[in-house]
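A quick write-up on the structure given underneath.
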Amino acid sequence: MKLKDIIQITVFTVIAFVLGMAVSMGTGMLGTVSLYVASGFSALVIAPPFFVMAKKVKKRPSAFIFFMLLSVFWSLMGYWPMLIINLVAGIVAEIIIGNYENDKRVAVAIATGMFIISMHAMTFVKVLGPEKLVEVFTVFSPEQAQYMYTFFTPKAMLISITVNIVLVTLAGLFGMYINNKFFEKRKEKGIL
Numbered sequence: 138m139k140l141k142d143i144i145q146i147t148v149f150t151v152i153a154f155v156l157g158m159a160v161s162m163g164t165g166m167l168g169t170v171s172l173y174v175a176s177g178f179s180a181l182v183i184a185p186p187f188f189v190m191a192k193k194v195k196k197r198p199s200a201f202i203f204f205m206l207l208s209v210f211w212s213l214m215g216y217w218p219m220l221i222i223n224l225v226a227g228i229v230a231e232i233i234i235g236n237y238e239n240d241k242r243v244a245v246a247i248a249t250g251m252f253i254i255s256m257h258a259m260t261f262v263k264v265l266g267p268e269k270l271v272e273v274f275t276v277f278s279p280e281q282a283q284y285m286y287t288f289f290t291p292k293a294m295l296i297s298i299t300v301n302i303v304l305v306t307l308a309g310l311f312g313m314y315i316n317n318k319f320f321e322k323r324k325e326k327g328i329l
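Quick note on numbering: my numbering labels position 4 of the sequence shown as 141, and the sequence is numbered without any gaps.
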């Protein structure tokens, strides 16, 4: 991997991060609904930059670097435990993506990686509990942490998992569509 490749990965990751944060801020205004859909909707805008990056660079470990850079940006905002989640997401995406040639594998890789990330809220809330959640994530008040802990009942978790599977699947397909529509070289000639 050359310096040019790392720069391209970084640029596409920054674009994805900014778009994802903008969507997260928007879904944050949806109140309780945001606990179900925030990460899934973010995947819809993160997938196209990932897809274009993967098809442009086509080298291992581009997917892993992409996910780890996302986690570094989140860490700078105080969400350092995302390093762990994104480590898993990056490894899984890198395994799935293969040689970066197959569009469907790239779509499944971003969808799977984003699904792993979308489960972070439930995972942290249920594993850490409200008290430890406030300790680890200083952005949460004790009331917010307790609310999230009581919110994620088995039924709410099942709904969240289902909704996020649908959203990240659509995100992978959307990333493939955007790449093929606007960034891939046309194989067929125009009619003129």
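Glycine included, C-beta positions come from ideal geometry on N, C-alpha and C.
Using a Cβ-Cβ distance cut-off of 8 angstroms, the segment 222-239 and the segment 169-176 are not in contact, since fewer than three pairs of beta carbons, one from each stretch, lie closer than that value. With a contact defined as Cβ atoms closer than 8 angstroms, Val-189 and Phe-320 qualify at about 5 angstroms. In the structure shown, Glu-268 falls within a helical segment according to DSSP collapsed to helix, strand and coil. Counting only runs of 3+ residues, no beta strand (DSSP E) is found wholly inside the segment 221-289. In this structure Lys-192 touches Asn-316 by the C-beta definition: roughly 6 angstroms separates them, less than 8 angstroms. Counted as a single uninterrupted DSSP element, the alpha helix (DSSP H) harbouring Phe-149 occupies residues 140-165. The beta carbons of Met-259 and Val-305 sit no closer together than 8 angstroms. By alpha-carbon distance to Arg-197, the top candidate from Tyr-284, Pro-218, Ala-159 and Val-243 is Val-243. Nearest to Ala-200 by C-alpha distance, out of Trp-211, Gly-227, Leu-295 and Ile-253, is Gly-227.
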